[in-house]
Amino acid sequence: MPASHFLHQLQLCARRRTPSTAKRLHAQLIKTALHLCVPLPNTLLDTYGKCGLVEDALHLFDEMPHRDHVSWASILTAHNQANMPHRTLSMFPAMFESDGLQPDHFVFASVVKACSSLGAVRQGKQVHAHFFLSPFCDDDVVKSSLVDMYAKCGLPDNARAAFDSILSKSVISWTAMISGYARSGRKSDAFEMFESLPIKNLFSWTALISGLVQSGHSVDAFYLFIEMRREGVHIVDPLVLSSIVGACANWAVLELGKQVHSLVIRLGYESCLFISNALVDMYAKCSDILAAKYIFGRMHRRDVVSWTSIIVGAAQHGQAEKALSLYDEMVAVGIKPNEVTFVGLIYACSHVGLVSKGRALFRSMIEDYGISPSLQHYTCFLDLLSRSGHLGEASNVIDSMPFDPDEPTWAALLSACKHHGDTQMGIRVADHLLSLKPEDPSTYILLSNVYAGARMWENVAEVRKLMAAGEVKKKPGYSCIDIGKETQVFYAGETSHPMKDEMFSLLKELDAEMRRRGYVPDSSFVLHDMEHQEKERQLFWHSERLAVAYGLLKAVPGTVIRIVKNLRVCGDCHTVLKFISSIVKRDIVVRDATRYHHFSSGQCSCNDFW
DNA sequence: AGCGGTTGCC
Numbered sequence: 001m002p003a004s005h006f007l008h009q010l011q012l013c014a015r016r017r018t019p020s021t022a023k024r025l026h027a028q029l030i031k032t033a034l035h036l037c038v039p040l041p042n043t044l045l046d047t048y049g050k051c052g053l054v055e056d057a058l059h060l061f062d063e064m065p066h067r068d069h070v071s072w073a074s075i076l077t078a079h080n081q082a083n084m085p086h087r088t089l090s091m092f093p094a095m096f097e098s099d100g101l102q103p104d105h106f107v108f109a110s111v112v113k114a115c116s117s118l119g120a121v122r123q124g125k126q127v128h129a130h131f132f133l134s135p136f137c138d139d140d141v142v143k144s145s146l147v148d149m150y151a152k153c154g155l156p157d158n159a160r161a162a163f164d165s166i167l168s169k170s171v172i173s174w175t176a177m178i179s180g181y182a183r184s185g186r187k188s189d190a191f192e193m194f195e196s197l198p199i200k201n202l203f204s205w206t207a208l209i210s211g212l213v214q215s216g217h218s219v220d221a222f223y224l225f226i227e228m229r230r231e232g233v234h235i236v237d238p239l240v241l242s243s244i245v246g247a248c249a250n251w252a253v254l255e256l257g258k259q260v261h262s263l264v265i266r267l268g269y270e271s272c273l274f275i276s277n278a279l280v281d282m283y284a285k286c287s288d289i290l291a292a293k294y295i296f297g298r299m300h301r302r303d304v305v306s307w308t309s310i311i312v313g314a315a316q317h318g319q320a321e322k323a324l325s326l327y328d329e330m331v332a333v334g335i336k337p338n339e340v341t342f343v344g345l346i347y348a349c350s351h352v353g354l355v356s357k358g359r360a361l362f363r364s365m366i367e368d369y370g371i372s373p374s375l376q377h378y379t380c381f382l383d384l385l386s387r388s389g390h391l392g393e394a395s396n397v398i399d400s401m402p403f404d405p406d407e408p409t410w411a412a413l414l415s416a417c418k419h420h421g422d423t424q425m426g427i428r429v430a431d432h433l434l435s436l437k438p439e440d441p442s443t444y445i446l447l448s449n450v451y452a453g454a455r456m457w458e459n460v461a462e463v464r465k466l467m468a469a470g471e472v473k474k475k476p477g478y479s480c481i482d483i484g485k486e487t488q489v490f491y492a493g494e495t496s497h498p499m500k501d502e503m504f505s506l507l508k509e510l511d512a513e514m515r516r517r518g519y520v521p522d523s524s525f526v527l528h529d530m531e532h533q534e535k536e537r538q539l540f541w542h543s544e545r546l547a548v549a550y551g552l553l554k555a556v557p558g559t560v561i562r563i564v565k566n567l568r569v570c571g572d573c574h575t576v577l578k579f580i581s582s583i584v585k586r587d588i589v590v591r592d593a594t595r596y597h598h599f600s601s602g603q604c605s606c607n608d609f610w
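Start counting the first sequence at 1; every next residue gets the next number (the numbering used here).
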């Protein structure tokens with residue numbers, strides 16, 4: 001059998017990604033002594049990498065008596081493909097230290113790619129300098145990878161500089177730049193460049209659409225997707241579908257999400273792993289946790305992302321016990337949790353007040369799985385401690401953690417201070433928060449709520465003055481409700497709605513019934529030091545109540561009423577929604593800025609813990 | 001000769 005035959009077979013195997021064939025070919029090479037024939041070991045390395053057998057590739061690499069540039073490029077690429085960019089970077093120095101070789105353009109491309117997956121700007125810049133001074137400094141492919149690296153590191157202008165230096169621009173370099181702009185939220189730059197593209201393939205559309213979803217422009221992404229369908233672009237790769245399912249999730253539009261789901265089925269991608277994962281997440285975020293569980297239950301293959309999606313979903317819907325039992329099941333079937341799984345788990349504990357369980361999980365993450373806690377983990381953990389009233393311990397964690405707490409962390413702590421009536425600590429925390437984000441109105445609102453809860457009206461007035469002086473305006477609260485094809489948006493105190501009379505009399509009727517059942521309005525959630533009755537009137541017109549009233553009047557009787565709110569539900573509305581769910585015997589689901597509330601028969605899934 | 005750069009889910 002000639003060497004060229006094996007070369008061909010190996011390349012075929014790399015394309016088809018069949019690991020068993022790769023191993024068989026390796027055995028045959030050894031039997032025929034061709035494993036020493038020069039191009040073959042390198043091709044075998046590449047084939048192992050493409051078939052997902054990095055460890056085999058690495059073993060072969062270590063045994064190779066003569067390694068050249070190609071061997072290095074192949075082994076580094078194999079680690080990138082196995083999602084191990086860390087190893088790519090840690091191995092790289094041995095190329096000159098052990099083998100005395102300088103990187104070529106292939107090696108540069110792989111190393112830059114590793115930097116971009118890690119978001120490692122500093123190392124990326126070093127490699128850039130190295131490349132710039134090398135004999136390969138004109139290579140356009142490396143420049144394309146630099147575009148991507150800078151874009152992923154959040155430096156779109158550096159990406160643009162690298163892009164402009166490309167001598168002959170390809171679809172790939174254009175796509176990298178468009179995706180970079182879109183991901184960085186530079187919408188108009190992304191659109192402008194996309195329009196100027198002479199040929200647009202599925203890749204270019206996908207890059208723009210997914211970049212927009214990542215930067216929070218889900219609506220733009222959706223319109224673009226519709227335009228792409230109109231242009232008749234064939235969806236031969238489902239990646240764009242996962243982005244658009246993600247757009248529905250971020251946007252929390254269940255009806256549209258269902259339509260996209262049906263499109264996924266029509267195109268034949270429903271059993272694709274990462275599409276199913278995206279669907280589980282979408283249904284959970286669109287507040288239909290039952291549908292999320294249904295999809296999860298029917299998946300024949302589940303990876304760590306599938307499990308994490310359903311665990312996070314259950315946690316956000318207040319089903320902490322379910323999240324924790326899913327975790328046990330996941331570990332039992334041999335799936336290793338990752339850093340996101342622990343965010344979901346600690347979050348779950350936080351929302352039912354399972355303090356010691358949460359502490360144990362936080363420790364297990366570090367000790368059993370070697371995951372060093374990120375700021376997000378600390379945020380969840382601090383939330384757990386502070387919600388349950390362990391404010392002192394929370395304070396100690398802040399002092400000892402290797403991060404400066406960010407604004408959401410201080411905000412969570414501040415809201416816990418309000419909840420537990422610790423005014424002194426609340427004021428200290430608010431000071432930190434104000435120094436971090438002096439322009440953010442939510443800080444002032446929280447601080448003034450701390451004062452209001454303690455009935456310190458003069459201080460409330462002081463905060464209001466500060467707000468007025470800094471021209472900080474309270475972000476208007478609004479609630480959306482989806483009824484079949486139409487979406488209605490309600491602002492607090494809205495009085496111009498065509499159905500306002502019916503809504504008003506319904507709310508009044510419900511109010512009377514609630515008071516018969518023992519409801520007492522809690523006006524500590526209203527800012528001003530005004531007359532008691534006026535405060536109650538303000539609460540009465542909160543946007544979530546208007547949306548519920550509208551839903552009760554317009555939605556199909558017996559169906560779940562789903563509301564999306566931009567801010568957090570206030571404590572009084574929370575009480576009211578519990579009453580309403582039991583009076584009208586309807587389930588109400590509210591997705592607010594931080595979590596989900598399922599109101600049913602007078603109870604809420606969050607156990608009044610938010 | 002054999003090796004590289006663009007799109008995704010928690």
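No residue lacks a Cβ here, since even glycine has one placed at the ideal position from N, Cα and C. Predicted model, so just to flag it, every value in this text is computed and none were measured.
request  = Could you tell me which residues DSSP puts in a beta bridge with Ile481?
outcome  = Gln488, Ile563
key: Helix, strand or coil at Asp529 [DSSP, three-state]   = Note that Asp529 scores 48 on pLDDT, short of 50, meaning its location in the model is unreliable and no value can be drawn from it.
task = Rounded to whole angstroms, what's the CA-CA distance from Thr21 to Val253? Just pull it up for me.
result = 45 Å
task = With DSSP as the reference, please indicate the residues paired to Gln538 in a beta bridge.
result = Answer is none; Gln538 lacks a bridge partner.
inquiry  = Between the alpha carbons of Asn158 and Tyr150, how many angstroms are there, rounded?
reply    = 6 Å
inquiry  = Restricting to runs no shorter than 4 residues, where is the alpha helix (DSSP H) found entirely within the region 225-267?
reply    = 239-251, 254-266
ask   = What are the boundary residues of the alpha helix (DSSP H) that Tyr550 is part of?
value = 543-554
ask   = What residue range is occupied by the uninterrupted alpha helix (DSSP H) comprising Val121?
value = 121-132
request  = Taking Val38 as the reference, give the member of Ala549, Arg17, Phe6 with the closest Cα.
outcome  = Phe6
query = How about the region 308-328 and the region 270-290: do they share at least three Cβ pairs that are nearer than 8 Å?
reply = yes
request  = Put Phe381 into one of helix, strand or coil per three-state DSSP.
outcome  = helix
request  = Specify whether the region 490-510 and the region 257-269 touch according to this definition: at least 3 beta carbon pairs, one from each stretch, less than 8 Å apart.
outcome  = no
query = Are three or more beta carbon pairs between the region 508-522 and the region 553-562 nearer than 8 Å?
reply = no
ask   = Val589 by DSSP, collapsed to three states: which one?
value = strand
inquiry  = Runs of 4 residues minimum, wholly inside the region 357-434: which ones carry the alpha helix (DSSP H) assignment?
reply    = 375-387, 391-400, 407-419
ask   = Could you give the C-beta distance for Asp522 and Asp482, rounded to a whole number, given that I count them as a contact under 8 Å?
value = At roughly 29 Å, the Cβ-Cβ gap does not stay under 8 Å, so Asp522 and Asp482 are not in contact.
request  = Determine, using beta carbons only, whether Gly453 and Asn566 come nearer to each other than 8 Å.
outcome  = no
key: Buried versus exposed call for Ala320 [16 or more other C-beta atoms within 10 Å across all chains shown]   = buried
ask   = In angstroms, rounded to a whole number, what distance separates the CA positions of Ser581 and Arg545?
value = 12 Å
ask   = Ala593: buried (16+ other C-beta within 10 angstroms of its C-beta) or exposed?
value = exposed
DSSP beta-bridge partners of Cys604 = Phe599
Same chain only: Cβ atoms within 8 Å of Phe108, ignoring 5 sequence neighbours per side = Val127, His130, Phe131, Ser134, Phe136, Asp139, Val142, Ser145
key: First and last residue of the uninterrupted alpha helix (DSSP H) at Val280   = 273-285
task = With a 10 Å radius around its C-beta and 16 neighbouring C-beta atoms as the bar for buried, classify His598 as buried or exposed.
result = buried
ask   = So the alpha helix (DSSP H) Lys152 belongs to, where does it begin and stop?
value = 140-152
inquiry  = So the candidates are Gly551, Leu44, Ser4, Leu36; which of them puts its Cα closest to the Cα of Thr18?
reply    = Leu44
query = From Ile166 to Thr423, what distance separates their C-alpha atoms?
reply = 59 Å
Close beta carbons around Ser271, own chain, < 6 Å, minus the five adjacent residues each side = none
Collapsed DSSP secondary structure at Lys322 in the structure displayed = helix
Proximity to Pro498 [Cα-Cα], best of Met456, Gly358, Lys554 = Lys554
ask   = What is the rounded straight-line gap between the Cα of Met425 and the Cα of Tyr451?
value = 12 Å
inquiry  = In whole angstroms, give me the CA-to-CA distance for Asp431 and Met467.
reply    = 14 Å
task = Taking Ser117 as the reference, give the member of Gln81, Phe222, Trp72 with the closest Cα.
result = Gln81
Pairwise C-alpha distance: Gly49 and Ser71 = 12 Å
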